[in-house]
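Participant: With our numbering applied, the sequence shown covers 1 to 85.
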Amino acid sequence: MKTQIYEILSGLTIFAYFIPLVILLSRKLWQEKPLLLFGIYWTLNGLVNGMKRFDLVTESAKQFMTVAYNLIDMPLVLFFVFLST
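Below, the structure is given as structure tokens:
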């Protein structure tokens with residue numbers, strides 16, 4: 001029972017990563033730099049977590065993606081803050 005709930009919640013969570021980009025595109029707000037950066041960041045998170053979650057890559061690729069994403073995550077956020085201020 002716990003694993004079924006986990007499967008449903010993790011799928012919904014990965015789907016929710018793409019909501020900011022959908023809102024940006026549907027309301028034509030891509031010209032606003034901070035909103036565009038916010039949408040890009042969450043879309044990138046959704047792609048990385050989706051590939052790891054739904055077994056779209058091998059185990060060694062998952063490990064490499066995890067390490068690489070953890071290394072670039074904070075500098076990427078700081079860069080987005082720098083660009084939007």
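We treat Cβ as the ideally placed atom computed from N, Cα and C, and that holds for glycine.
Considering Cα atoms alone, identify which of Gly50, Asp73 and Ile72 is closest to Glu7.
Facilitator: Residue 7 sits at position 7 when you count from the first residue of the sequence shown. Cα-wise, what sits closest to Glu7 is Gly50.
Participant: On the premise that Ser84 lies in contact with Pro20, defined as a C-beta separation below 8 Å, what is that separation, rounded to the nearest angstrom?
Facilitator: On the sequence shown, residue 20 is found 20 positions in, with the first residue counted as 1. On the sequence shown, residue 84 is found 84 positions in, with the first residue counted as 1. Going by Cβ atoms, the distance from Pro20 to Ser84 rounds to 14 Å, so no, they are not a contact pair.
Participant: Taking the alpha carbon of Arg53 as the reference point, which residue from Leu25, Ile14, Thr3 and Gln4 has its own alpha carbon closest?
Facilitator: As a working note, residue 53 is residue 53 in the sequence shown. Comparing Cα-Cα distances from Arg53 to each of Leu25, Ile14, Thr3 and Gln4, the minimum goes to Ile14.
Participant: Thinking C-beta only, is Leu37 closer than 8 Å to Trp30?
Facilitator: To locate residue 30, count along the sequence shown from 1; it is residue 30. To locate residue 37, count along the sequence shown from 1; it is residue 37. No, Cβ-Cβ distance for Trp30 and Leu37 is not below 8 Å.
Participant: So, helix, strand or coil for Thr66, using DSSP?
Facilitator: On the sequence shown, residue 66 is found 66 positions in, with the first residue counted as 1. Thr66: helix per DSSP, three-state reduction.
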